[in-house]
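*Asks:* Residue numbers (our numbering): 1 to 208.
Even glycine gets a Cβ: it sits at the ideal position worked out from N, Cα and C.
Here the structure is a predicted model, which is why all the values come from computation and not from measurement.
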């Protein structure tokens with residue numbers, strides 16, 4: 001399948017901030033339920049949206065209140081996150097082939113903005129769609145559909161690169177081709193720069 005655009009999950013693909021999120025959730029647990037979130041509780045939920053966090057951890061707050069907490073607490077930890085060293089080069093390679101690029105993330109806009117700035121790729125996307133811009137976060141299709149609308153494309157014309165079951169679910173629900181980053185999908189890459197080779201192989205297949 002030959003894509004006209006590539007949509008990227010943010011956390012786990014372009015950056016890895018799992019530990020920063022765990023520490024943020026620890027504090028959220030203390031504030032909104034009276035005891036810290038444990039690592040065992042956190043791990044299965046990493047990557048889900050804020051509304052799902054409220055429900056899963058039985059927080060005594062609204063999703064909007066939790067988003068405000070995340071905005072204040074998580075961004076303090078952004079300087080410590082790992083940035084994918086392949087991201088800048090891969091995005092430049094995609095642009096050279098004429099493809100559009102987008103971010104579709106379950107993070108809220110202020111958090112996504114800081115993460116993209118930290119990764120030094122904030123100006124490399126045609127659109128960035130965040131969880132506070134749609135009704136339902138991934139695995140619902142809303143983020144993918146909104147990004148495609150902004151790009152003027154149909155989901156079938158796109159690849160979604162993600163590292164979680166939430167990304168896979170969103171791709172399936174929207175009708176996009178799913179490239180698993182370290183997980184299985186319609187295709188799989190274990191390093192981000194392998195995406196360019198995957199695209200080249202897809203092009204070669206079309207020419208046969």
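#1: Do you know offhand how far residue 167's Cα is from residue 34's?
#2: I'd like to know if the region 80-91 and the region 139-150 are in contact, where contact means that at least 3 CB-CB pairs between them fall below 8 Å.
#3: Please report the distance separating the alpha-carbon of residue 47 from that of residue 106.
#4: Starting from residue 158, trace the beta strand (DSSP E) both ways and give me its first and last residue.
#5: Tell me whether residue 151 sits in a helix, a strand or coil according to DSSP, three-state version.
#6: Decide if residue 39 is buried, meaning its Cβ has at least 16 other Cβ atoms within 10 Å, or exposed.
#7: Grouping DSSP H, G and I as helix and E and B as strand, with all else coil, what is residue 86?
#8: Helix or strand or just coil, what does DSSP make of residue 11?
#9: Given a threshold of 16 other Cβ atoms within 10 Å of its Cβ, counted over all protein chains shown, does residue 135 qualify as buried or as exposed?
#10: If you compare alpha carbons, which of 140, 111 and 94 is closest to residue 126?
#11: Leaving out five residues before and five after residue 75 in sequence, what residues of the same chain have Cβ atoms less than 6 Å from its Cβ?
#12: State the start and end residues of the unbroken beta strand (DSSP E) segment that holds residue 181.
#13: State the DSSP-derived secondary structure class of residue 75, mapped to helix, strand or coil.
*Replies:* Walking through what the data contain:
#1: Distance between the alpha carbons of residue 167 and residue 34: 31 Å.
#2: At 8 Å Cβ cutoff, the stretches do not touch.
#3: 7 Å
#4: 158-162
#5: In the structure shown, residue 151 sits in a helix (DSSP, three-state: H, G or I).
#6: exposed
#7: coil
#8: strand
#9: Classification for residue 135: exposed.
#10: 94
#11: 114
#12: 177-181
#13: helix
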